[in-house]
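Visitor:
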Amino acid sequence: MGKIGIVLLEPEIPQNTGNIARTCAATGASLHLIEPMGFTVTDAKLKRAGLDYWHYLDITYYKNIEDFYDRTKGGEYFYFSTKAPRAYTEVKYPEDCYLIFGKESAGIPEEILKKNLDRCVRIPMRENLRSLNLSNSAAIAVYEVLRQSDFAGLEQEGFLKLMYEN
Numbered sequence: 006m007g008k009i010g011i012v013l014l015e016p017e018i019p020q021n022t023g024n025i026a027r028t029c030a031a032t033g034a035s036l037h038l039i040e041p042m043g044f045t046v047t048d049a050k051l052k053r054a055g056l057d058y059w060h061y062l063d064i065t066y067y068k069n070i071e072d073f074y075d076r077t078k079g080g081e082y083f084y085f086s087t088k089a090p091r092a093y094t095e096v097k098y099p100e101d102c103y104l105i106f107g108k109e110s111a112g113i114p115e116e117i118l119k120k121n122l123d124r125c126v127r128i129p130m131r132e133n134l135r136s137l138n139l140s141n142s143a144a145i146a147v148y149e150v151l152r153q154s155d156f157a158g159l160e161q162e163g164f165l166k167l168m169y170e171n
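Residue 6 is where the sequence shown starts when you use my numbering, and the numbers rise one by one after that.
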């Protein structure tokens, strides 16, 4: 399994970041947080949303977007935005990639989207709605990348105890 990075550009809501951290722990994706953030990493809401999964996380912090690009040179970046021209399912994702999401109130700045138009994707939804919740969007995105690799490295079968009990 490759290394998927979920990148949050200036996240504002601690519960969303906590939920995304939990998704990262469950999928093996790394979490990349780009400052400024609308909360501190000691925020109780952030910790509560991530439950007790924090020790499973590979998390990196960046001072700004330039710091992120400098430290991840050569990475394959995909920008998730409601302004993107094509659906996220139209892309063949490499095993190693970064899935980038903007802050809850504004998304990814348009100047970044314009520079990377061929790597901008959207999650389809009904007309006249602003956007999906950030943590839901990140989960949809990471699971599409994992689906394309047949969920390599993840447990795919559950064990239903009731089936085997008398």
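Beta carbons are placed, not taken as given, at the ideal position from N, Cα and C, and that holds for glycine. Since we're looking at a predicted model, the values are computed, not measured.
From residue 157 to residue 32, what distance separates their C-alpha atoms?
Guide: 10 Å
Visitor: Helix, strand or coil, according to DSSP, for residue 150 in the structure here?
Guide: helix
Visitor: Is residue 127 helix, strand or coil when you go by DSSP?
Guide: Looking at residue 127 - three-state DSSP - the assignment turns out to be strand.
Visitor: What are the boundary residues of the alpha helix (DSSP H) that includes residue 22?
Guide: 19 to 32
Visitor: Looking at C-alpha atoms only, which residue of 63, 9, 59, 109 is the closest neighbour of residue 141?
Guide: 109
Visitor: In the region 68 to 100, which residue ranges form an unbroken alpha helix (DSSP H) of at least 4 residues, counting only runs that do not cross its ends?
Guide: 70 to 76
Visitor: Can you give the beta carbon distance from residue 64 to residue 39, rounded, assuming they're within the 8 Å contact cut?
Guide: Going by Cβ atoms, the distance from residue 64 to residue 39 rounds to 12 Å, so no, they are not a contact pair.
Visitor: Cβ of residue 131 within 8 Å of Cβ of residue 89?
Guide: no
Visitor: Span of the alpha helix (DSSP H) holding residue 117?
Guide: 115 to 120
Visitor: In whole angstroms, what is the alpha-carbon distance linking residue 106 and residue 91?
Guide: 16 Å
Visitor: Taking the beta strand (DSSP E) that residue 60 belongs to, which residues open and close that run?
Guide: First-last for residue 60: undefined, no H or E at that position.
Visitor: Taking the beta carbon of residue 138 as the centre, do at least 16 other beta carbons fall within 10 Å, making it buried, or is it exposed?
Guide: Classification for residue 138: exposed.
Visitor: Can you tell me which residues form a DSSP beta bridge with residue 12?
Guide: According to DSSP, residue 12 bridges with 37, 105.
Visitor: What's the gap between the Cα of residue 37 and the Cα of residue 133?
Guide: 30 Å
Visitor: Using a Cβ-Cβ cut-off of 6 Å (strictly less than) and excluding sequence neighbours within five positions of residue 46, which residues of its own chain qualify?
Guide: none
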